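Heads up, the sequence shown is in our numbering, so the first residue is -14 and it goes up one at a time.
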Amino acid sequence: MPRAHRLRLLVVACLLLLAAACARSQEAPGPLVVFAASSLTDAFRDLAEAFAAANPGARVVFNFASSTQLTAQLAEGEPADVFASASPAQMDVVVAGGRIAPGAVAVFAANRLTLVVPADNPAGLASLADLARPGIVLVLAAPGVPARVYADEALARLPAATQAAVLANLASEEDNVRQVLAKVALGEADAGIVYATDITPEMIGLVRSLPFPEAASVFPTYPIAPLQDAPQPDLAARFIAFVLSPEGQAVLAARGFDPPPGIGP
């Protein structure tokens, strides 16, 4: 075969390979990277499944951690497409850092706090005030973690002496709310304060939820926003729109989340 002919065939083969690669790139964009608070783990996995079904070829990759940890990672420049926080305050930090536009933030869900005890409730706790009894082993999220901020807000509504006695029983501070729940489920603590949505079907039988008194009730809200430097901006916009849609809100409701003001009934 003449050399010139072989060169032409090589060029044609390279062009075909390049065209195929471009086609694959167009058909299969990179994954959507979502940074989401630990308390959203189950709900967002369900959302990702429903989103992929509605958007063939879309793939969602999650980074679940406490909102404070995620905020620190974003401040260090970690690449991400979407940030879903358990705390408006942590979202504000990312906005102030310039990675999220202020007008891009939307509140998509609300939650409630609950007192959680082991299923057999060996300490015989019945109320939030019972946490002040001597010898109670209490576990909370670490300072700055949204679940801890909300817990402190709730405890601050108790009489000062009761609040001080409760905090005197604090035996462990965990990186995120799921770790708090795990310690209680394993019987390593008499009680913890978590989100109501953390009591998943898998946890029923391992823990028991005790409601907060109305006077100490706190209702956390969850904001979501795309990163200004998102590698997949179009997919990020579609995912956030899906979360805010009636279908997305139904997925969240099935996991126990309440709609925020302005969404739903």
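No residue lacks a Cβ here, since even glycine has one placed at the ideal position from N, Cα and C. Values in this document were obtained by computation on a predicted structure and should not be read as measured data.
{"query": "Mind checking who residue 259 pairs with in its DSSP beta bridge?", "result": "Nothing in the structure corresponds to residue 259, since the chain is present only between -14 and 250."}
{"query": "Distance, Cα to Cα, residue 112 vs residue 74?", "result": "29 Å"}
{"query": "At a cut of 8 Å, does the stretch 184 to 195 reach the stretch 126 to 142 through at least three beta carbon pairs?", "result": "no"}
{"query": "Exposed or buried, which one is residue 213 when buried takes at least 16 other CB atoms within 10 Å?", "result": "exposed"}
{"query": "When the distance is taken between beta carbons, is residue 107 closer than 9 Å to residue 175?", "result": "yes"}
{"query": "Quick check: the stretch 234 to 243 against the stretch 71 to 91, are at least 3 beta-carbon pairs closer than 8 Å?", "result": "no"}
{"query": "Can we say the stretch 200 to 217 touches the stretch 64 to 82, given the rule of at least three CB pairs closer than 8 Å?", "result": "yes"}
{"query": "Cα separation between residue 54 and residue 23?", "result": "10 Å"}
{"query": "Between the stretch 44 to 62 and the stretch 193 to 203, can you find at least three pairs of beta-carbon atoms closer than 8 Å?", "result": "no"}
{"query": "Can you have a look at residue 245 and say buried or exposed, based on whether 16 or more other CB atoms are within 10 angstroms of its CB?", "result": "buried"}
{"query": "Are the C-beta of residue 118 and some C-beta of chain C separated by less than 9 Å?", "result": "Within the model displayed, chain C is absent; a lone protein chain is all it includes."}
{"query": "So residue 163 packs on residue 56, CB below 8 Å; how close in whole Å?", "result": "So it is not a contact: roughly 17 Å between Cβ atoms."}
{"query": "Among residues of its own chain, excluding the 5 on either side of residue 221, which ones have a beta-carbon nearer than 8 Å to its beta-carbon?", "result": "17, 66, 67, 211, 212 and 215"}
{"query": "Taking DSSP's pairing of strands, which residues face residue 292 in a bridge?", "result": "Outside the shown range of the chain, which is -14 to 250, sits residue 292, and nothing can be said about it."}
{"query": "CB residue 191 to CB residue 154, shorter than 9 Å?", "result": "no"}
{"query": "Please say whether residue 152 and residue 140 have beta carbons closer to each other than 9 Å?", "result": "yes"}
{"query": "From this set, 44, 92 and 82, which residue's C-alpha is nearest residue 230's C-alpha?", "result": "92"}
{"query": "How many angstroms separate the CA atom of residue 194 from the CA atom of residue 30?", "result": "23 Å"}
{"query": "Among 121, 64 and 131, which one has its Cα closest to the Cα of residue 51?", "result": "131"}
{"query": "Near residue 82, which residues of its chain fall below 6 Å by C-beta distance, leaving aside the five closest residues on each side in sequence?", "result": "60"}
{"query": "In whole angstroms, give me the CA-to-CA distance for residue 45 and residue 136.", "result": "31 Å"}
{"query": "In terms of residue numbering, what span does the alpha helix (DSSP H) encompassing residue 225 cover?", "result": "218 to 229"}
{"query": "Between residue 160 and residue 149, what straight-line distance do the alpha-carbon atoms span, to the nearest angstrom?", "result": "22 Å"}
{"query": "Contact check, residue 98 vs residue 178 under 8 Å by CB: the rounded distance?", "result": "6 Å"}
{"query": "Please state if the CB of residue 69 and the CB of residue 223 are separated by a distance shorter than 9 Å.", "result": "no"}
{"query": "Between which two residues does the alpha helix (DSSP H) containing residue 131 stretch?", "result": "131 to 140"}
{"query": "Scan the stretch 101 to 175 and note each continuous alpha helix (DSSP H) run of 4 residues or more that stays entirely inside, going in chain order.", "result": "131 to 140, 145 to 153 and 162 to 170"}
{"query": "DSSP puts residue 243 in a beta bridge; with which residues?", "result": "95"}
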